[in-house]
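S.K.:
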Amino acid sequence: MTDDPFDSVSTMTRRGAALGLASVAACSQPAAAQIVRLNPLPLRRGIGVHHMLNWAEFDGEDYRWPPFTRHDYQSSNEEMANLRRVGFDFVRLTVAPDIFMASDGRRSRELAAILTDRVDRFRAHDLNVVVDLHPTSRNPAYTGERLWNGAGSLVFRRYVEVVGEVAATLAHFDAGVAFELMNEPQAWGMGAAQRWRAMNTRMIAAARSAAPRLPLIVSGHMSGGQAGLLESAPFDDERLIYTFHYYGPSLFTHQTVIEPARHMSKLPWPPSAGSLDAELAAARERVRSDRALAASERVRATERAERALREYFSEDNGQTRIQADFEAVARWADTHGVPRGAILLGEFGVVRFHRQYRGALDEHRTLWLRTIREAAEANGFGWSVWTYRGDGGMALVDEEDVLAFDLPSLRALGLNAD
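Residue numbers (our numbering): 5 to 422.
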């Protein structure tokens with residue numbers, strides 16, 4: 005995910021069609037040059053680690069130095085061993101590009117050493133590592149939107165330089181490491197697919213100049229969702245992994261967090277497990293009880309919630325939709341000669357009804373997690389669930405006991421819950 009704790013409302017509402025809310029026919033473009041495509045790094049069952057090297061402390065002018073030293077950036081060796089024990093074979097380690105982009109000289113060398121240390125530690129516990137450059141809004145000069153809007157400017161040029169620097173750092177690892185060039189690109193609008201392809205081409209070239217054999221991970225446009233991947237063609241690089249994220253239907257997965265799901269709570273999945281009339285009544289009551297809303301805003305909020313719920317219950321938002329969407333990605337891979345093992349479901353998750361969060365009940369949340377996981381595995385894709393620790397409502401452990409995973413989640417993911 006992007007931003008704090010997930011994405012901005014505007015980004016998330018645009019993501020609907022891209023992140024699994026539309027079945028899109030596989031791209032009809034011909035395959036790229038006839039090369040033998042590989043699965044350069046087997047990735048089966050992973051989890052996002054978003055607390056260690058992201059959201060660096062920034063006071064509006066400079067970063068706290070040395071960075072990532074506060075206690076909540078840390079994970080113990082015991083935690084890492086526990087990730088392996090429950091059955092994960094890799095972590096998707098998010099890394100803040102903004103602090104790298106703002107640094108040079110000694111600071112750049114120190115950041116490279118910090119990144120190397122974190123990767124080394126995970127590798128020592130038999131965990132492969134996806135290093136994911138993951139833009140956030142921490143520094144407004146380097147947000148995902150700025151990178152997209154500034155694709156032809158110094159902003160993206162500096163990002164490409166950082167891609168090369170990080171690739172050079174990761175090139176020292178003999179095995180077990182892959183590099184994801186940009187999380188959820190904010191590539192929307194007319195000509196987005198072509199423009200994003202040109203940006204990807206520049207990033208791949210920068211990474212390859214520093215690390216010719218390093219497995220690289222790329223996505224399609226439209227926030228890296230399924231629809232963006234299906235509208236793409238592969239690149240002439242046999243050591244690429246192609247990723248997509250899936251959060252559909254977002255009204256269910258992001259209830260209470262984004263518009264128009266702000267006034268949803270305990271929304272069932274699949275829709276057939278609930279009642280439209282009951283959910284309409286509950287949403288109306290939540291709008292009435294929302295003290296943050298001015299009286300003049302409540303009518304519009306009620307209308308938005310009602311419209312979203314009617315669409316949710318009238319459309320195919322159940323297991324059949326998920327299976328069709330994942331099969332479309334599999335057909336895309338087969339059409340282009342991409343091994344299915346080189347397709348990575350990079351993120352999926354649901355806001356929990358837990359502690360301060362008022363998302364989905366476990367029975368519906370875990371059914372969705374299981375359905376997504378099984379759809380990925382049935383089509384030969386690796387997957388990475390969002391997320392291990394942190395804010396936002398999708399974390400599978402609590403900060404009070406980071407060794408105690410939510411057991412229903414582990415069971416839904418086919419992991420060791422004993």
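Where is the CB? At the ideal position from N, CA and C, for every residue including glycine.
1) Can you check whether the CB of residue 346 is closer than 8 Å to the CB of residue 425?
2) Pop quiz: residue 269 and residue 290 are said to be a contact at Cβ under 8 Å. What is the actual Cβ separation, rounded to whole angstroms?
3) Mind checking who residue 220 pairs with in its DSSP beta bridge?
4) Our contact map puts residue 238 next to residue 389 with C-beta atoms below 8 Å; I'd like the distance itself, whole angstroms only.
5) Flag residue 271 as yes when its Cβ comes closer than 7 Å to any non-hydrogen atom of the ligand ADP, and as no otherwise.
6) Under 8 Å by Cβ, that's how I've got residue 351 and residue 249 pegged, so tell me the actual separation to the nearest angstrom.
7) Any idea what DSSP makes of residue 407, helix, strand or coil?
8) Please state the DSSP three-state secondary structure of residue 177.
9) My output table needs one value for residue 60: the three-state DSSP class, helix, strand or coil.
10) Going by DSSP in three states, residue 14 sits in which element: helix, strand or coil?
11) Kindly list the residues whose CB is nearer than 6 Å to the CB of residue 186, restricted to its own chain and excluding five residues on each side of it in sequence; keep chain order.
12) Residue 32 by DSSP, collapsed to three states: which one?
13) Using beta-carbon positions only, say whether residue 227 and residue 190 come within less than 8 Å of one another.
14) Considering only residues of the stretch 314-386, which uninterrupted beta strand (DSSP E) runs meet the minimum length of 3 residues and lie entirely inside it, listed in chain order?
15) Thinking C-beta only, is residue 60 closer than 8 Å to residue 100?
16) Is the beta carbon of residue 247 less than 8 Å from the beta carbon of residue 354?
17) Among residues of its own chain, excluding the 5 on either side of residue 28, which ones have a beta-carbon nearer than 6 Å to its beta-carbon?
18) Tell me the DSSP secondary structure of residue 37 in three-state form.
19) Closer than 7 Å by C-beta to residue 284: which residues in its own chain qualify, once you throw out the five before and the five after it? Chain order, please.
20) Do you know whose CA, among 125, 398, 115, 71, lies nearest residue 84's CA?
M.R.: Let me lay it out:
1) A query on residue 425 cannot be resolved here, the shown segment of the chain reaching from 5 to 422 and no further.
2) 7 Å
3) 183, 244
4) Wrong, their Cβ atoms sit about 25 Å apart, outside the cutoff.
5) With respect to the ligand ADP, the structure shown offers nothing to examine, as it has no ligands at all.
6) 4 Å
7) strand
8) coil
9) coil
10) Any reading at residue 14 needs caution, since the residue's pLDDT is 34, under 50, leaving its predicted position unreliable; the model's value is listed next. Residue 14 falls in the helix class under three-state DSSP.
11) 137
12) In this prediction, residue 32 has a pLDDT of 37, which is less than 50 and means its spatial position is unreliable; what the coordinates show is noted afterwards. In this structure, residue 32 counts as coil in the three-state DSSP scheme.
13) yes
14) 347-351
15) yes
16) no
17) Low local confidence applies: a pLDDT of 38 at residue 28 is under 50, so the model's placement there is unreliable, with the coordinate-based value given in what follows. Within the same chain, residue 28 has close Cβ partners 231, 234.
18) Bear in mind that a pLDDT of 47 at residue 37, under 50, signals an unreliable position, so the number given afterwards is only what the model happens to contain. Correct three-state label for residue 37: coil.
19) 310, 313
20) 125
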